[in-house]
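Count along the sequence shown from 1, add 154, and you get the number used in the working numbering. Cβ coordinates follow ideal geometry from the N, Cα and C atoms, glycine included. Note that the structure is a prediction, hence the values are computed from the model and not measured. Heads up, the thing below is written out as structure tokens.
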Amino acid sequence: MGPATSIGIVGGGQLAWMLAQAARRRGVELHVQTPGPQDPAVGLASSVVQAEVRDVAATRELASRCSAISFENEWVDLEGLKALAADGVPFVPDLEALRPLVCKRSQRELLNRFNLPSPAWFPLDRVMELPEVPAAGEDPAAASAPPATEAPPQLPQGFAYPLMAKAASGGYDGKGTAVLRSDADLEALLERVEASNWIVEEFVAFDLELAVVAARDQMGDVVCLPVVQTHQHQQVCDWVLAPYEANHALQQAVRNMAASLLTALNYVGVLSIELFYGPRGLMINELAPRTHNSGHYSIEACDLSQFDLQLLAVSGQQLREPALQAPGALMVNLLGFEQRSAEDPLAAYELQRQALAALPDAHLHWYGKAGASVGRKLGHVTLLLQQQDPAARRQEAMQRLEQVRQIWPLPPGSDAGQSS
């Protein structure tokens with residue numbers, strides 16, 4: 155496929171909005187398929203197909219307007235899109251490369267197949283299907299006969315509470331997760347969800363969380379943004395510190411994981427990897443086949459942002475390694491901390507936004523979402539850091555974080571994320 159002069163994006167949220175900003179800077183047309191007339195990317199798109207992201211007929215219309223199609227998120231109808239691919243619609247990444255990444259169960263199976271470190275897990279419905287082991291001398295056929303009464307759910311051998319349950323698809327920002335601390339929690343979960351659509355993982359003890367945004371071009375070259383530290387509040391990303399000053403071996407291990415995945419899948423485009431780091435070393439938490447919250451800092455802090463990398467990869471151009479343009483950066487998500495009217499999203503939190511924008515070396519991004527409910531990602535602010543020494547830079551970052559907190563507090567509630 156030759157270089158694409160216009161790109162279609164299935165989705166029109168804040169990721170598509172920031173991609174559209176990068177596209178404008180590069181003179182690339184960006185067309186979006188999104189359901190809402192007020193969705194963030196609508197105002198910057200070259201054209202809009204107003205439809206749900208799983209509307210395949212709408213994606214066919216989108217394809218008529220552009221040279222290649224990519225995705226804002228993984229909530230797409232891969233089976234439905236196969237017909238379009240068969241008709242020659244170029245999807246980037248390829249649908250087969252995307253297939254194992256669109257749900258957490260297939261992600262876990264992929265990581266197991268590649269022997270990449272990740273939490274031990276099992277499908278939730280397995281707790282209802284554990285076969286009984288026949289006693290010595292017992293007829294196996296008799297042992298497999300249905301019990302007279304339904305047996306209570308049982309954890310597979312080797313697993314113990316606490317555990318983390320996750321929806322295999324559709325979950326984000328802490329939604330679609332549940333901590334299981336007892337049989338009662340397990341039984342309550344089984345009563346309210348479709349077990350076949352959930353997985354259960356060991357509860358991982360970690361010291362901190364890391365992330366990396368990697369990208370692969372059509373020539374097979376892989377590049378990475380710096381490895382960053384992320385911090386969660388109520389299982390939603392709170393802040394990101396770039397770069398994470400790890401030793402060379404850890405940095406290389408993260409990059410090798412990313413390159414292995416991208417190359418084995420023949421994946422073109424941006425892939426984001428979230429990791430735990432702790433007593434057991436590195437462990438992959440989740441994969442996101444797209445641009446990611448952990449890479450937003452790169453818009454100001456790097457000479458190529460994650461959105462530049464996505465545009466270059468999708469349009470068929472060769473990638474080069476991004477470089478930091480400042481010693482470091484702190485990105486802070488702006489999560490709604492009180493209920494606000496949805497009537498005028500651009501006016502919401504106006505005083506706080508003005509104060510944030512006035513901070514030194516601060517770059518405010520306000521998504522203009524319709525509705526500003528508690529805990530919702532409404533925007534982010536990136537603060538460029540000046541200290542060269544890693545310890546001094548971390549101290550500077552925490553001081554800058556406190557400045558942001560004085561203006562924009564966290565949503566109410568205690569931090570409920572996994573931690574050691």
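- In this structure, the straight-line span from the alpha carbon of His185 to that of Glu228 is close to 18 Å.
- At least 8 Å separates the beta-carbon of Phe225 from that of Arg507.
- Contact annotation: Ile353 and Lys258 have beta-carbon atoms nearer than 8 Å.
- Under DSSP, Gln204 takes part in a beta bridge, and its partners are Thr188.
- Ranked by how close their Cα comes to the Cα of Gly490, the residues Thr331, Pro271, Pro563, Pro433 have Pro563 in first place.
- Counting along the chain, the unbroken alpha helix (DSSP H) around Arg267 starts and ends at 258 to 267.
- Apart from sequence neighbours up to five positions away, the residues of its chain that approach Thr417 with a beta-carbon distance below 8 Å are Arg370, Gly374, Val376, ordered along the chain.
- Apart from the 5 residues on each side of it in sequence, Pro316 sits with its Cβ closer than 7 Å to the Cβ of Val333, Leu334, Arg335, Phe357 in its chain, given in chain order.
- Apart from the 5 residues on each side of it in sequence, Ala195 sits with its Cβ closer than 6 Å to the Cβ of Gly166, Ala170, Trp171, Ala174, Val186 in its chain, given in chain order.
- Residue environment analysis places Thr159 among the exposed positions, since fewer than 16 neighbouring C-beta atoms fall within 10 angstroms of its C-beta.
- In this structure, the straight-line span from the alpha carbon of Ala240 to that of Ala511 is close to 48 Å.
- Here DSSP, grouped into helix, strand and coil, assigns Phe245 to strand.
- Pairing Val408 with Leu364 gives a Cβ-Cβ distance under 8 Å.
- In the three-state DSSP reduction, Met411 falls in the helix class (H, G or I).
- A distance of 8 Å or more separates the beta carbons of Ser414 and Val367.
- The stretch 448 to 462 makes contact with the stretch 474 to 483, as at least three CB pairs between them are under 8 Å.
- For the 8 Å CB-CB criterion, Gly423 and Pro247 form a contact.
- Setting aside the 5 residues that flank it on each side, Gln405 is surrounded in the same chain by Val381, each with a C-beta closer than 7 Å to its C-beta; the list follows chain order.
- In the three-state reduction of the DSSP assignment, Val394 falls in the strand class.
- Between Ala396 and Ala524, the gap from beta carbon to beta carbon reaches 8 Å or more.
- 8 Å or more divides the Cβ of Val230 from the Cβ of Val202.
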